[in-house]
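Note sheet for the following structure.
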Amino acid sequence: MSVAVATPPVSWAEPVRLLGARTWALSLVELQKLRSDQTELVTRMAQPVLWLLVFGTIFNRIRAIPTGDLSYLAYLTPGILAQSALFISIFLGIQIIWDRDAGILTKVMVTPTPRAAIVLAKAFAAGVRGLAPVVVLVPVALLLGVSITVNPLELIGAAVALMLGAGFFACLSMAIAGVAQTRDRLMGIGQLMTMPLFFASNALYPIELMPTWLQVISRINPLTYLVDALRGLLVGAPADIGLDFAVLVVAAVVGIMGAASLLGRLVR
């Protein structure tokens with residue numbers, strides 16, 4: 001006579017709790033790194049301001065790019081914020097290679113820490129870095145006459161969009177690090193990708209002005225949806241906010257999964 005053995009139900013509570021706890025702990029470590037070295041944040045703030053002051057004011061004056069009811073400065077400001085998030089995050093993989101070379105990554109990965117927690121913490125730090133230029137760029141834009149929303153919900157939504165976009169590009173950088181293996185290769189690949197991602201988006205000009213083949217690329221470029229969300233939330237431009245956030249969330253999830261799956265290549 002056979003006796004049926006009851007199989008205990010699978011519980012996801014413990015893995016989720018472990019992922020959350022380790023992500024929080026590693027995020028605090030990443031934030032501590034930012035506090036101890038703020039030079040990078042300060043230098044990163046200078047470039048977007050120069051873009052807005054030089055490129056923005058010149059093209060606003062010559063009115064060469066049609067932007068509807070928005071001035072070109074108002075149109076450009078969200079694009080420069082998104083550009084900053086891209087430029088800050090796309091080389092974040094260098095940090096994880098440094099961690100590998102210093103032996104830190106190996107020590108973390110031999111613990112029960114899920115690989116996704118490592119990636120999430122780095123992506124969160126990239127999101128915080130992506131918010132830093134807002135502190136300087138928004139006041140400069142206001143001084144130049146750009147009307148930016150004061151609605152707290154829209155400002156929070158814009159901050160979330162920036163963090164999602166920066167997090168995705170950080171995950172993309174970490175995934176590339178898993179393939180490239182070295183800082184020099186990652187720098188080369190990152191530099192090769194940065195400008196096409198930026199110029200094949202709606203950061204500087206409407207998609208409708210692009211040739212057809214570039215429009216296709218722009219519509220699958222996550223940076224386009226980040227810019228569209230920021231433009232709709234910050235300066236009141238027409239935008240499909242629901243679609244923008246859906247794309248950013250899906251891109252972030254795919255980026256986390258991809259980076260986590262390739263992370264082990266760095267310590268082999």
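Per the UniProt record's numbering, the very first residue in the sequence shown carries number 1; after that it's consecutive. The C-beta atom is built at its ideal place from N, Cα and C for all residues, glycine as well.
Compare the C-alpha of residue i against each of the options and name the closest.
i	options	result
A177	G264, T23 and L73	G264
I241	E154, G258, G167 and L214	E154
V253	A123, S147 and A159	A123
P222	T57, G79, G68 and F59	G79
Y205	V49, V54, A125 and P66	P66
I148	R231, I62 and F245	R231
L152	L233, L192 and S173	The amino acid at residue 152 is misidentified as Leu; the sequence shows Pro. Nearest option by C-alpha distance: L233.
S27	P114, R115, A125 and L18	A125
G255	L142, V128 and C171	C171
D101	E208, T182, R22 and Q191	T182
E14	V227, P112, E30 and G103	P112
L142	A74, G258, I62 and W213	A74
F245	F168, P211, I62 and M210	F168
residue 288	G127, V16, A82 and R61	One cannot answer for residue 288 here, as it falls past the ends of the chain, which runs 1 to 268.
Y72	G157, A159 and L144	L144
L226	L214, R22, V250 and P211	V250
Please report the residue range of the alpha helix (DSSP H) in which residue i lies.
i	result
Q83	Y72 to S89
L226	P222 to L234
T67	Unbroken run through T67: none, as it is neither H nor E.
L192	R183 to F199
W213	T212 to R219
I96	G93 to D101
F55	Counting along the chain, F55 falls outside any alpha helix (DSSP H), and DSSP gives it neither H nor E.
Go ahead and pull the three-state DSSP assignment for residue i.
i	result
A260	helix
T111	coil
V10	Low local confidence applies: a pLDDT of 49 at V10 is under 50, so the model's placement there is unreliable, with the coordinate-based value given in what follows. In this structure, V10 counts as coil in the three-state DSSP scheme.
M1	Summary for M1: the model assigns pLDDT 48, below 50, so the residue's position carries little reliability, and this model does not support an answer.
P152	helix
G145	coil
A21	helix
P48	helix
L204	coil
A132	coil
P15	helix
D244	helix
D239	Here residue 239 turns out to be Ala, not Asp, going by the sequence shown. Residue state, collapsed to three classes: coil.
V253	helix
Indicate whether residue i and residue j have their beta-carbon atoms separated by less than 8 Å.
i	j	result
L248	A121	no
I88	A166	yes
V146	V49	no
L53	L76	no
F198	L70	no
M45	P114	no
S84	G56	no
L262	V136	no
M174	V119	yes
A260	A25	no
Looking at chain B, is there any beta carbon in it that lies within less than 8 Å of the beta carbon of residue i?
i	result
L234	Here there is only one protein chain, and chain B is not present.
**Message:** I want to know whether the region 89-96 touches the region 185-193 - three or more CB-CB distances under 8 Å.
**Reply:** Enough Cβ pairs lie closer than 8 Å, so yes.
**Prompt:** Are the region 101-114 and the region 227-246 in contact at 8 Å, needing three or more beta carbon pairs?
**Reply:** Using a C-beta cut-off of 8 Å, the region 101-114 makes no contact with the region 227-246, since fewer than three inter-stretch Cβ pairs fall below that distance.
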